[in-house]
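Sequential numbering from 44 applies to the sequence shown in the working numbering.
Here a beta-carbon is modelled for each residue, glycine too, at the ideal position from N, C-alpha and C.
Notes to accompany the following structure.
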Amino acid sequence: MKKKLLSVLLCAVIAGTLLAGCGKSEEESAPAASTEEGAEQETPAEEPAAEEEAPAAAAGGTIYILGPTPDHGWTAQAGVYAEQKAEEINSKGEYKGVYMSASSGEEQVDQVQTILANGDAVGVVFFALEDSAKAGQEALIAENIPFISFDRIIEGPDKYAILNASGDNWACGAGIAYWLQQKGMEPGATLVTLIGDNGTVCSRRQEGFEQFLRGELEYYDDVTGESYKTTAVWTQEEIDALCADYKYVCNWSADGAYEYLEQKLADIVKAAKANNNKLFIYSMDDEMTFGVLNLLEANAVDDATKKDMEDMEVYISAIGGMQELYDVMSGSSSQSGTADQYFDDMMSVYFSPKMMTNVIGYMEDYLAGNWEYEVGEGKYEVVWIVDKNNVSEYEGFTGH
44 MKKKLLSVLL
54 CAVIAGTLLA
64 GCGKSEEESA
74 PAASTEEGAE
84 QETPAEEPAA
94 EEEAPAAAAG
104 GTIYILGPTP
114 DHGWTAQAGV
124 YAEQKAEEIN
134 SKGEYKGVYM
144 SASSGEEQVD
154 QVQTILANGD
164 AVGVVFFALE
174 DSAKAGQEAL
184 IAENIPFISF
194 DRIIEGPDKY
204 AILNASGDNW
214 ACGAGIAYWL
224 QQKGMEPGAT
234 LVTLIGDNGT
244 VCSRRQEGFE
254 QFLRGELEYY
264 DDVTGESYKT
274 TAVWTQEEID
284 ALCADYKYVC
294 NWSADGAYEY
304 LEQKLADIVK
314 AAKANNNKLF
324 IYSMDDEMTF
334 GVLNLLEANA
344 VDDATKKDME
354 DMEVYISAIG
364 GMQELYDVMS
374 GSSSQSGTAD
384 QYFDDMMSVY
394 FSPKMMTNVI
404 GYMEDYLAGN
414 WEYEVGEGKY
424 EVVWIVDKNN
434 VSEYEGFTGH
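This is how it looks when you write it as structure tokens:
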């Protein structure tokens, strides 16, 4: 019986020893597996350092840029420059740059909602396509997201923008008034005004035009370094009469100008023929000036009207900087002959879409603490007259 009990106890001891040995083996292999996993994690452990060098958007730092769909014209070229600047921001690595293109103000309002949902915006550069984008700017204000308003300055939100930036539209209008006056425009003249739209860009251009004629604003030309003032002060009644008869909102398009003048040019030329045989065309954009050229090359105008127009003095302006219009002025375009036939002179106020690049740079300055502007303040890029005398000195943008 004692032997049997001893045998049982001995078996139990042996079994316990074996179990203990197995348990020890598992405990030692676990650290080995853990060390192996640790080795695999050591390589990714170096990745956070690489991530620190990546765009700071991972930590909530994105500069959003809202603008037009790059297709054609001035706004499209501004969009191209915006895309390039966003890529440059990404390459620097401090912030993430995102360009969001749109074709309407309403679409831009939706884009702002996306930005707010993302929750990573440190600043927005807002090129409003229409005044209907106002609700988007108001949403940014409500969330205390700093934004720069570019080109189309929407009244109301402009008081809360960290900066309102554009070309100097008042100077554009003043420059054209100065130039047309030099070409003989006097009270009672026949003037055609081709307007882009009813936003602040064109309203400010018209304000500058009128302020110059009233003697309230001088035109400063950045190229000549000279300031010019009206040779004779006009009354508001004289200005109103000048601008009353022939004006049209062309929606920034050559087709818009074409369609209006297709209906009105015969009457306009008849009026100008009876009025010192002079015609002045105040076009607020290169595209609309091309609309006039395109019409004169088409069969939409009767020969008698064309002959009368050819025989009178015609002076036409533009604003922008399209290379195609520079080519017309320099004589290297297929449309140069048409311009020489019907226009006694033409010009375009330099208003480059490349300023979009500068404006995005202002947001970078703001985020870097390099800032001297008050909220709601404006910054306006200088402009100057480009004509056949200096056109060879400038390279325009391709967009027509």
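Return helix, strand or coil for W427, following the three-state DSSP convention.
Judged by DSSP in its simplified three-state form, W427 adopts strand.
In this structure, how does DSSP classify V335 when only helix, strand and coil are distinguished?
Helix, per DSSP.
Taking 8 angstroms as the cut-off, decide whether the C-beta atoms of Q224 and T274 are in contact.
Yes, the Cβ-Cβ distance between Q224 and T274 is below 8 angstroms.
Could you tell me the distance, in whole angstroms, from the CA atom of T441 to the CA atom of D408?
If I take the Cα positions, the gap works out to 29 angstroms.
Close beta carbons around A129, own chain, < 7 angstroms, minus the five adjacent residues each side:
Cβ within range, chain order: I108, G140, V141, Y142.
Identify whether A76 lies in helix, strand or coil by the three-state DSSP scheme.
Because the pLDDT at A76 is just 34, under 50, the model does not fix this residue reliably, and the point stays unresolved.
Does DSSP put M365 in a helix, a strand or coil?
The three-state reading of DSSP puts M365 in strand, counting E and B together.
Could you give the DSSP three-state label for A204: helix, strand or coil?
Annotated three-state conformation of A204 is coil, per DSSP.
List the endpoints of the continuous beta strand (DSSP E) containing E250.
In the DSSP assignment, E250 falls outside any beta strand (DSSP E) and lies within the alpha helix (DSSP H) extending over 243–256.
Using 8 angstroms as the threshold, is the C-beta distance between R257 and W277 below it?
Yes, the pair counts as a contact, with Cβ atoms nearer than the cut-off.
Measuring straight from C-alpha to C-alpha, what distance separates I196 and K350?
Distance between the alpha carbons of I196 and K350: 42 angstroms.
Hey, out of E281, L260, D240, whose CA is closest to K272's CA?
The shortest CA-to-CA distance from K272 to any of E281, L260, D240 is the one to L260.
Could you check what DSSP says for F105 in three-state terms: helix, strand or coil?
Residue identity check: residue 105 is Thr in the sequence provided, not Phe. In the structure shown, T105 adopts extended strand secondary structure according to DSSP, grouped into three states.
Enumerate in chain order the residues of its own chain whose CB-to-CB distance from E420 is below 8 angstroms, with the five nearest sequence positions on each side excluded.
Here E420 has L206, N207 as same chain residues with Cβ atoms under 8 angstroms from its own Cβ, once five neighbours each way along the sequence are excluded.
What is the DSSP secondary structure of E198, reduced to helix, strand or coil?
In the structure shown, E198 adopts coil according to DSSP, grouped into three states.
Cutting at 7 angstroms between CB atoms, please list the residues of its own chain near M372, excluding the five before and the five after it.
By the criterion of a C-beta distance shorter than 7 angstroms, M372 is surrounded in its chain by M389, D430, K431, V434, once the five residues flanking it on both sides are discounted.
Measuring CA to CA, which of T381, E353, D328, I359 is closest to A341?
Nearest of T381, E353, D328, I359 to A341, Cα basis: T381.
Out of V244, L234, A361, G110, which has the shortest C-alpha to C-alpha gap to N319?
For N319, the closest C-alpha among the options V244, L234, A361, G110 is that of L234.
Quick check on this structure: which residue in G334, K313, Q378, E181 has the alpha carbon closest to the alpha carbon of L304?
Nearest in C-alpha terms to L304, of all of G334, K313, Q378, E181, is G334.
A204 versus L285, V402, L308, V266, residue with shortest Cα-Cα distance
Closest option to A204, Cα to Cα, is V402.
With H, G and I counted as helix, E and B as strand and the rest as coil, what does DSSP make of A300?
Residue state, collapsed to three classes: helix.
Pick out whichever of A343, K316, W213, S134 has its Cα sitting closest to the Cα of I362.
That would be W213, whose Cα lies nearest to the Cα of I362.
What does the alpha-carbon distance come out to for the pair E94 and E137?
Because E94 sits at a pLDDT of 36, beneath the cut-off of 50, its placement in the model cannot be relied upon, and the following sentence gives the value as read from the coordinates. Each residue's alpha carbon lies about 11 angstroms from the other.
Could you give the residue range of the alpha helix (DSSP H) that holds V155?
Segment 148–161, the alpha helix (DSSP H) holding V155.
So, at 7 angstroms on beta carbons, what are the nonlocal neighbours of Q123 in its own chain, with the 5 sequence-adjacent residues on each side left out?
Gln is not the amino acid found at residue 123; the sequence shown has Val there. Cβ neighbours of V123 beyond the five flanking positions: P113.
Which first and last residues belong to the beta strand (DSSP E) in which E356 is found?
Unbroken beta strand (DSSP E) run through E356: 356–359.
Just to confirm my understanding: we take V152, look at its own chain, exclude 5 residues before and 5 after, and list those with CB closer than 7 angstroms. What are they?
Only A176, A178, G179 meet the Cβ criterion.
Going along the chain, which unbroken runs of the beta strand (DSSP E) with 3 or more residues stay wholly within the region 399–424?
The qualifying runs are 421–424.
DSSP state of L223 mapped onto helix, strand, coil
L223 carries a helical assignment under DSSP once its states are collapsed to helix, strand and coil.
Counted within 10 angstroms of its Cβ, other Cβ atoms place Q384 as buried (16 or more) or exposed:
Its Cβ having fewer than 16 others within 10 Å, Q384 is exposed.
Quick check: C215 and V392, are their CB atoms within less than 8 angstroms of each other?
Yes; because the gap between Cβ atoms is below 8 angstroms, this pair is in contact.
Can you tell which of F386, T243, D283, E269 has the C-alpha that lies nearest to the C-alpha of G231?
The candidate whose alpha carbon is nearest that of G231 is D283.
G380 lies in the beta strand (DSSP E); which residues open and close that run?
Annotation: G380 is outside any beta strand (DSSP E); the continuous alpha helix (DSSP H) that includes it extends over 379–385.
Sub-8 angstroms separation of A300 and L339 beta-carbons:
No. Outside cutoff.
Beta-carbon separation of V425 and D194 under 8 angstroms?
No; because the gap between Cβ atoms is not below 8 angstroms, this pair is not in contact.
Just the Cα atoms here: how many angstroms apart are L410 and G404?
Computed Cα separation, rounded: 10 angstroms.
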